[in-house]
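Trainee:
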Amino acid sequence: MRSLKHPVIKLAATTVIALGATQAYAADRLTIGVAVPTATHGYTAGIVYWANQAKKDLEAANPNLKVIVKTAGTPPEQANQIQDLVDVNKIGALVILPLDSASQTQPVNQVKNKGVYVTVVDRGLTNPAAQNAYVAGDNAAFGRLAAEYMGKRLNGKGNIVVLRGLPTTVDNDRVNAFNEEIKKYSGIKVLDAKYGNWNRDDAFKVMQDYLTRFKQVDAVWAADDDMAIGVQKAIEQAKRTDIKEVVGGGGAKFAVKKIMDGDKLVRADVSYSPRFMYDAIKMTAEARLKGQALPAKTIVPSVLITKENAKQFYFPESPY
Amino acid sequence: MGPVVALILLCIAGGLMNPDFATLDNMMNVLTRTAFIGIIAVGMTFVIVSGGIDLSVGSMAALIAGSMIVAMNFLATGAHAPGPVTIVLAGVVLALVFGAVFGAVHGFLITHGKIEPFIVTLGTLGIFRALLTWLSDGGALTLDFNLAETYGPVYYQSVLGVPIPVWVFALVAASGVVILNRTAFGQHVQAIGSNEQVARYAAIRVDRVKLLTYLLLGVCVAIATVLYVPRLGSATPTTGILWELEAIAAVVVGGTSLKGGAGRVLGTVVGAILLSVIGNILNLTSIISVHLNAAVQGLVIIAVAYLQRGRR
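Chains as they are written, first to last, in full-length UniProt numbering: chain A, 1 to 320; chain B, 1 to 312.
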């Protein structure tokens, strides 16, 4: 076994296994493992929903295809699951939304080294070499579109408060893009940006305190639709009429519904639909059944949702 | 006196940093949001004084909130739906029954099952939250719009200028003081916490008293939930996350030893308010990086606990 440790031999062995696997699965049946986080938030609930939806549609369309969906609450649990998917279920492809980037990189890398085709969704890995393909939403556009919309809506003048999510790279990407864009409107002032932790209750408290502190607020960017609910309740309670607009984010069905119904405060949202889980599984299945590869990187664009296009983003069956 | 001194110092600091801190509106906001954790913490004081612990209260509150919403929405559908006030009252009763039952089950498993309270409530922490996640399909459970209109005032309405949750909080705290310091039950709780064996020799019915402390806490969680649901009219899988730690922190900051034996309900109340005030001041100012908020909260908690040392 000692000689197998040599990098060149290892590489060669991996290539042989990978090629063998590719050919076998191209012609034969394909089992796809899907590893996603447990539905502990509206957004992850949407991920689980769309994963199961993809399983239903794809298995009905291809008799040669089997999709196994696993949900995990913690990173170690997810690492165990993908190990089982490879060893027990003999999957030919893995579609994974990692619970967190750093801790899943090694386990996913091992899966790939065993010749399994790996598509990573949304949260990237720390080493892109551990994946074959990457499918994600556009976090920079998530912030930029919101800023662009608010700038126009306020005619380039006014006070904005911001509620951030949790301290993560995803949140940083969004907020940095927002700040970059909003700077172009010299009349707009961002009064403060605090964490609402993507949570309704926390957003309620933060907004209450913003309202105590600032006598004139023209618009609120609550960078998540769940937080936008807490924000609206706080505004309602304080009976404040200076706020013209609350922009959330994520394209949750209750927010889209408000836009469709012509709500006074919620008129626009930025899509970041968990539906890309569905797209990622479908793309992987279709490509692998033909023995092809996906593009290395697919970015599902974020779109500004307004009354005109809201219908396309409304999925009443989804929990999010 | 530690927590009171700390609270006064914090309030002076808050007033200096932002003049809006000292407004009546802000004080009422802070007290109202403290009500949930405060009420739970009063119940937690009894459990901790008796030498126990309950880690499940956040998940329990979330599950009770979710069950209430599902039940009330169910009652509101159908041809013979009762009036909204009746439905809300039914929801409140259901919450109290659930809280009492959950608490009694904890107490039973701990006393008759002879399982560590830490383990029992760690187990139910997972069970309660998983049940809520399942009920809500991972998304949000939202109260019917008409019911929310009827129920809303329970959180948002004031009586004599003081919001209803603050009144309820005051009432629960006053009852807690009386029960812990002026009744035989309260004496027994303290006796068990300081030495369980001696309490047994003194013919105190240890198992029954312990079971009652968990039941009492369950009811406190239910009362808090009854006040919580009308705020947002919804429950999600993130509802009540880490409330158990906030409640335990309020109890300990308030001068009750985690080892049990002696405790003060009023200390707990001050502790709960103190924790809210720190968050409030951090929101009203932007002197330090938002990344460091939790660090400031941690520092204040440790500092106040330091002032408490020697009281055990």
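We put the beta carbon where it would ideally sit given N, CA and C, even for glycine.
Remember, predicted model here, so these are calculated numbers, not experimental data.
Are there three or more Cβ pairs, one per stretch, closer than 8 angstroms when the region 2 to 9 of chain B is compared with the region 254 to 274 of chain B?
Mentor: Segments in contact, yes.
Trainee: With a threshold of 8 angstroms between beta-carbons, can B/V296 be considered close to chain A, or not?
Mentor: Taking the second sequence and counting its residues from 1, one reaches residue 296 of chain B at position 296. No, B/V296 does not count as interfacial toward chain A.
Trainee: Please classify A/Y25: does DSSP put it in a helix, a strand, or coil?
Mentor: Along the first sequence, one-based indexing puts residue 25 of chain A at 25. At A/Y25, the pLDDT of 46 sits below 50, so the modelled position is not reliable; the number obtained from the coordinates is stated separately. It is helical.
Trainee: Roughly how many angstroms lie between the CA atoms of A/Q23 and A/G291, to the nearest whole one?
Mentor: Locating residue 23 of chain A in the first sequence gives position 23, where the first residue counts as 1. Locating residue 291 of chain A in the first sequence gives position 291, where the first residue counts as 1. The pLDDT assigned to A/Q23 is 46, lower than 50, so where the model puts this residue is not dependable; a value taken from the coordinates is nonetheless given after this. Distance between the alpha carbons of A/Q23 and A/G291 is about 7 angstroms.
Trainee: Identify the continuous beta strand (DSSP E) that holds A/T212 and give its terminal residues.
Mentor: Residue numbering aside, residue 212 of chain A sits at position 212 when the first sequence is read from its first letter. Careful: A/T212 lies outside any beta strand (DSSP E), inside the alpha helix (DSSP H) at 200 to 213.
Trainee: Considering only their Cβ atoms, is the gap separating A/W198 from residue 329 of chain A smaller than 8 angstroms?
Mentor: With chain A running from 1 to 320 in the structure shown, residue 329 of chain A is simply not present.
Trainee: Considering only C-alpha positions, which residue in the set A/G42, A/V34, A/A60 is nearest to A/Y320?
Mentor: The residue you call residue 320 of chain A lines up with position 320 of the first sequence. Selected option, being the one with the closest Cα: A/G42.
Trainee: Are the region 234 to 252 of chain B and the region 140 to 159 of chain B touching by the rule of at least three beta carbon pairs closer than 8 angstroms?
Mentor: At 8 angstroms Cβ cutoff, the stretches touch.
Trainee: Check whether chain A comes within 8 angstroms of B/S234, counting only Cβ atoms and requiring the distance to be less than that.
Mentor: For the purposes of this step, residue 234 of chain B is taken as residue 234 along the second sequence, with counting starting at 1. Closer than 8 angstroms to some Cβ of chain A, the Cβ of B/S234 qualifies, so yes.
Trainee: What's the C-alpha gap between A/A21 and A/Y272?
Mentor: As a first step, residue 21 of chain A is located in the first sequence; it is residue number 21 there, counting from the start. As a first step, residue 272 of chain A is located in the first sequence; it is residue number 272 there, counting from the start. Caution is warranted here: a pLDDT of 49 is assigned to A/A21, below 50, making its placement in the model unreliable, and no coordinate value can be reported.
Trainee: So is B/I302 buried or exposed if we call it buried at 16+ other beta carbons inside 10 Å?
Mentor: Start at 1 with the first residue of the second sequence, and residue 302 of chain B comes out as number 302. With fewer than 16 other Cβ atoms within 10 Å, it is exposed.
Trainee: Taking B/N26 as the query, report the chain A residues whose CB atoms sit under 7 angstroms from its CB, ordered along the chain.
Mentor: Within the second sequence, residue 26 of chain B is the residue found at index 26, counting from 1. Result: T212.
Trainee: Have a look at A/D201, A/V118, A/Q216, A/M260 and flag the residue whose alpha-carbon is nearest the alpha-carbon of A/Q232.
Mentor: Along the first sequence, one-based indexing puts residue 232 of chain A at 232. It is A/D201 whose Cα lies nearest to the Cα of A/Q232.
Trainee: Can you tell me the Cα-Cα spacing of B/V226 and A/P128, whole angstroms?
Mentor: As a first step, residue 226 of chain B must be located in the second sequence, where it is residue number 226. As a first step, residue 128 of chain A must be located in the first sequence, where it is residue number 128. Spanning the two alpha carbons is a distance of roughly 49 angstroms.
Trainee: Does any CB atom of chain A fall closer than 8 angstroms to the CB of B/V290?
Mentor: The residue given as residue 290 of chain B occupies position 290 in the second sequence. Yes, contact with chain A.
Trainee: What residue range is occupied by the uninterrupted beta strand (DSSP E) comprising A/P37?
Mentor: As a first step, residue 37 of chain A is located in the first sequence; it is residue number 37 there, counting from the start. 30 to 37 is the extent of the beta strand (DSSP E) around A/P37.
Trainee: Would you mind stating whether A/V118 and A/A136 have Cβ atoms separated by less than 8 angstroms?
Mentor: In the first sequence, counting from the first residue as 1, residue 118 of chain A sits at position 118. In the first sequence, counting from the first residue as 1, residue 136 of chain A sits at position 136. Cβ distance not < 8 angstroms, so A/V118 and A/A136 don't count as in contact.
Trainee: Which word fits B/W243, buried or exposed, when buried means at least 16 other C-beta atoms lie within 10 angstroms of its C-beta?
Mentor: Start at 1 with the first residue of the second sequence, and residue 243 of chain B comes out as number 243. Classification of B/W243: buried, given that the 10 Å Cβ count is 16 or more.
Trainee: Does the CB of B/L131 have a neighbour CB from chain A at under 8 angstroms?
Mentor: Along the second sequence, read from residue 1 onward, the residue named residue 131 of chain B stands at position 131. So, not an interface residue.
Trainee: In whole angstroms, what is the alpha-carbon distance linking A/Y25 and A/G92?
Mentor: Mapped onto the first sequence, residue 25 of chain A falls at position 25. Mapped onto the first sequence, residue 92 of chain A falls at position 92. A caution first: A/Y25 carries a pLDDT of 46, below 50, which makes its placement in the model too unreliable to give a value.
Trainee: What residues from chain B crowd round A/A39, counting only those whose CB sits closer than 8 angstroms?
Mentor: One-based indexing of the first sequence puts residue 39 of chain A at position 39. Neighbours of A/A39 on chain B, chain order: T133, D137, G138, G139, P237.
Trainee: If we call anything under 8 angstroms between Cβ atoms a contact, is A/L85 one with A/G33?
Mentor: Against the first sequence, residue 85 of chain A aligns to sequence position 85. Against the first sequence, residue 33 of chain A aligns to sequence position 33. Cβ distance < 8 angstroms, so A/L85 and A/G33 count as in contact.
Trainee: Assign A/Y134 to buried or exposed, taking buried as 16 or more other Cβ atoms, counted over all protein chains shown, within 10 Å of its Cβ.
Mentor: Taking the first sequence and counting its residues from 1, one reaches residue 134 of chain A at position 134. Result: buried.
Trainee: Is there a Cβ from chain B that is less than 8 angstroms from the Cβ of A/G230?
Mentor: Stepping through the first sequence from its first residue, residue 230 of chain A is reached at position 230. Yes, A/G230 counts as interfacial toward chain B.
Trainee: Does A/N155 pass the burial test, meaning 16 or more other C-beta atoms within 10 Å, or should it be called exposed?
Mentor: Locating residue 155 of chain A in the first sequence gives position 155, where the first residue counts as 1. Per the 10 Å Cβ criterion, exposed.
Trainee: In terms of DSSP beta bridges, what is A/K189 paired with?
Mentor: Within the first sequence, the letter at position 189 stands for residue 189 of chain A. Bridge partners of A/K189: A/N159.
Trainee: Spell out the partners DSSP gives A/A146 in its beta bridges.
Mentor: By one-based count along the first sequence, residue 146 of chain A stands at place 146. None, per the DSSP bridge assignment.
Trainee: State yes or no: is the beta carbon of A/N176 nearer than 8 angstroms to at least one beta carbon in chain B?
Mentor: Taking the first residue of the first sequence as position 1, residue 176 of chain A is located at position 176. Not closer than 8 angstroms to any Cβ of chain B, the Cβ of A/N176 fails to qualify, so no.
Trainee: What's the call for A/A27, buried or exposed, on a 16-neighbour Cβ count within 10 Å?
Mentor: Here residue 27 of chain A refers to the residue found at position 27 of the first sequence. In this prediction, A/A27 has a pLDDT of 45, which is less than 50 and means its spatial position is unreliable; what the coordinates show is noted afterwards. It is exposed - the Cβ of A/A27 has fewer than 16 other Cβ atoms within 10 Å.
Trainee: So what's A/R164 in DSSP terms, helix, strand or just coil?
Mentor: If you number the first sequence from 1, residue 164 of chain A lands on position 164. Residue state, collapsed to three classes: strand.
Trainee: Using the three-state DSSP reduction, which class does residue 322 of chain A fall into: helix, strand or coil?
Mentor: Examination of residue 322 of chain A is not possible in this model, given that chain A is present from 1 through 320 alone.
Trainee: State buried or exposed for B/A191, treating a residue as buried only when at least 16 other CB atoms are found within 10 Å of its CB.
Mentor: Counting from one through the second sequence, the residue named residue 191 of chain B turns up at place 191. Buried is the call here.
Trainee: What separation, rounded to the nearest whole angstrom, lies between the Cα atoms of B/L180 and A/Y195?
Mentor: For the purposes of this step, residue 180 of chain B is taken as residue 180 along the second sequence, with counting starting at 1. For the purposes of this step, residue 195 of chain A is taken as residue 195 along the first sequence, with counting starting at 1. Those two C-alpha atoms are separated by around 38 angstroms.
Trainee: Below 8 angstroms between beta carbons is the criterion; list the residues of the region 141 to 165 of chain B that meet it against any residue of chain A, in chain order.
Mentor: Against chain A - using a Cβ distance shorter than 8 angstroms - the residues of the region 141 to 165 of chain B are T142, Y156.
Trainee: Give the DSSP-derived three-state secondary structure of B/G267 in the structure shown.
Mentor: Counted from its first residue, the second sequence places residue 267 of chain B at position 267. It is helical.
Trainee: Closer than 8 angstroms by C-beta to B/I278: which residues in its own chain qualify, once you throw out the five before and the five after it? Chain order, please.
Mentor: As a working mapping, residue 278 of chain B is identified with position 278 in the second sequence. If we look at B/I278 and ignore the five residues flanking it on each side, its Cβ neighbours are L10, V296, Q297, V300.
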